[in-house]
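See structure below.
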Ligand code: GLN
């Protein structure tokens, strides 16, 4: 570690500085993407929190899109929706889940947002007479943005955070990320070197017959980072097996870090072990924090142990269209896992490509029939819709626990209209504009011309319409719940009375009492649909109620 005061015990900045008490940990990455920078950043957040600090987090995405809302889950993984309706990178979900935060759209900085802001200011005349340039205008704007958002409470305390984790997306050396690296290089002088710590995540591959751990890729990426003016204080090295002492020392010598600050991030039994792994190698000392200041880590350790010792398997069939790509449904998977911890079962997700179910002799039907529960997640576009409708039909008519999320609620409503109400050809106008029976319709307030940020987005209240029902019990009897939304279509209000008369009851509605939010089927162990996305608020130690209901019912408990 560099010879200086530990980061969090550093001298206070001069009184005129607005950042007096703020500490920053910047997490960058090198060699290749997908090394687990997000998990590293979240784990550091957990450790900062366990030291008793109020934490927030910022993700920098160097792409030109304003936000992730218009990006395909194929390209970029799921779009994570925030309380304020921000459509963000999935790493914000990692921070929220690990550190129990509620972040804002501004916690996700993109090149698109920064340039829009600077260009808008230029048009207003804010820089009148000046040539507007990447340095200093873009780099200043990045620093101002970080400074501003890191002072906004994200942990529910209403108090200003004391530590902020900043994750820089992409890989050091990318053209796109260079203005951000330059901004962060300057930022260390703005906030004081004692208030900022640079953590670099790299890869140590294993080569050759004796399994030699190779340090060269890390040496190169650190050289690149140092060439850009940033000296890493801590190295986190992804490796299959623990780094040997020799490799640690070699990395320390070639990368200008203390051997005590070279962390081995080798494979572990579950993701919750990562903060423990870093703690046990002394990252807290390198950061200058005492993570035993609270009892958080002992609880965290108990959770990691519990996750390694769960009971019998429970099979949940996920009927979707991006089944090969788990990042596309990351929060849904996490929510199922959280609920499985609560019922002490080992979760097995059986992926079913929805369109396969359209062929009645496809082997995926056997997988569906063998599952303990069925989940149809959110989605857009018509591919696989008929398969999803068949899955909902199967779950409804065979008393198999079912959770439909957003599109999953909509397709279950279509199925019910077709097969119970006898409305042949019932559909959503998203898939068939000329359907004779529009069961799901475009919401009146949604833009028909602009796709970015124009859905019904973010936290909205759902009011229970009945005193007692399964979902209300799962939510602890609350009369109202706030969950996050992302949709353009809704159940056709004109059909609700007829649907409810046949037993599919919309037990939760929006504040106007018109818009459907939750349905439950009478007489079924668990046939539940939610128009919102409960997966965005699930936490490992606080599973989302609709998911908990699914897992309870799937394990044979009465909900
Ligand atoms: N495509 C549907 C809609 O826009 C469902 C959206 C979703 O599942 N998130 O309403």
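Numbering (my numbering), first residue to last: 6 to 564.
Heads up, the beta-carbon is just placed ideally off N, CA and C, and yes, glycines get one too.
All values derive from a computational prediction rather than experimental measurement.
Quick test of your reading: residue i and residue j, contact by CB under 8 angstroms. State the CB separation rounded to the nearest angstrom.
i           : j           : result
residue 495 : residue 445 : 7 angstroms
residue 523 : residue 476 : 5 angstroms
residue 101 : residue 458 : That pair is no contact at about 20 angstroms.
residue 380 : residue 323 : 5 angstroms
residue 466 : residue 516 : 5 angstroms
residue 535 : residue 554 : That pair is no contact at about 10 angstroms.
residue 274 : residue 248 : Not a contact, Cβ separation roughly 18 angstroms.
residue 159 : residue 108 : 5 angstroms
residue 94  : residue 85  : 7 angstroms
residue 384 : residue 412 : 4 angstroms
Output yes or no for whether 8 angstroms exceeds the beta carbon distance between residue i and residue j.
i           : j           : result
residue 206 : residue 243 : yes
residue 398 : residue 420 : yes
residue 35  : residue 298 : no
residue 511 : residue 470 : yes
residue 63  : residue 99  : no
residue 489 : residue 105 : no
residue 267 : residue 49  : no
residue 239 : residue 202 : yes
residue 222 : residue 214 : no
residue 359 : residue 393 : yes
residue 338 : residue 354 : yes
residue 83  : residue 336 : yes
residue 157 : residue 137 : no
residue 278 : residue 264 : no
residue 315 : residue 349 : yes
residue 111 : residue 172 : no
residue 460 : residue 493 : yes
residue 208 : residue 40  : yes
residue 38  : residue 176 : yes
residue 340 : residue 184 : no
residue 514 : residue 468 : yes
residue 463 : residue 90  : yes
residue 187 : residue 119 : no
residue 1   : residue 66  : The shown model of the chain, from 6 to 564, leaves out residue 1, and the question about it has no answer.
residue 42  : residue 32  : yes
Apply the 10 Å Cβ neighbour rule to residue i and answer buried if 16 or more other Cβ atoms are within range, or exposed otherwise.
i           : result
residue 180 : exposed
residue 455 : exposed
residue 20  : Note on residue 20: pLDDT 37, under 50, position unreliable in the model; the coordinate value appears next. So residue 20 ends up on the exposed side.
residue 78  : buried
residue 193 : buried
residue 450 : exposed
residue 365 : exposed
residue 235 : buried
residue 313 : exposed
residue 69  : exposed
residue 8   : Residue placement at residue 8 cannot be trusted, given a pLDDT of 32 that sits under 50; what the coordinates show is reported in the next sentence. Burial call: exposed.
residue 497 : buried
residue 567 : As shown, the chain starts at 6 and ends at 564. That puts residue 567 outside it, with no answer to give.
residue 220 : buried
residue 401 : buried
residue 433 : buried
residue 518 : exposed
Based on the DSSP secondary-structure assignment, which residues constitute the bridge partners of residue i?
i           : result
residue 466 : 487
residue 492 : 461
residue 316 : 350
residue 356 : 323
residue 443 : 432
residue 115 : 66
residue 128 : None, per the DSSP bridge assignment.
residue 381 : 409
residue 268 : 241
residue 218 : 211
residue 33  : 205
residue 524 : 511 and 534
residue 173 : 65
residue 28  : 168
residue 304 : Its beta-bridge partners do not exist; DSSP assigns none.
residue 85  : 93
residue 547 : 544
residue 60  : 168
Determine, for residue i, whether the minimum Cβ-Cβ distance to residues of chain C falls below 8 angstroms.
i           : result
residue 199 : The question asks about chain C, but that chain is absent: this structure has only one protein chain.
Specify whether the region 256 to 267 and the region 301 to 309 touch according to this definition: at least 3 beta carbon pairs, one from each stretch, less than 8 angstroms apart. no
Determine contact between the region 286 to 303 and the region 329 to 344, defined as no fewer than three beta-carbon pairs at a distance below 8 angstroms. no
Do the region 113 to 127 and the region 66 to 73 meet, that is, are 3 or more Cβ pairs less than 8 angstroms apart? yes
Any chance the region 134 to 154 sits against the region 197 to 217, with 3 or more Cβ pairs inside 8 angstroms? no
Is the region 164 to 173 in contact with the region 133 to 148, if contact means three or more CB pairs nearer than 8 angstroms? no
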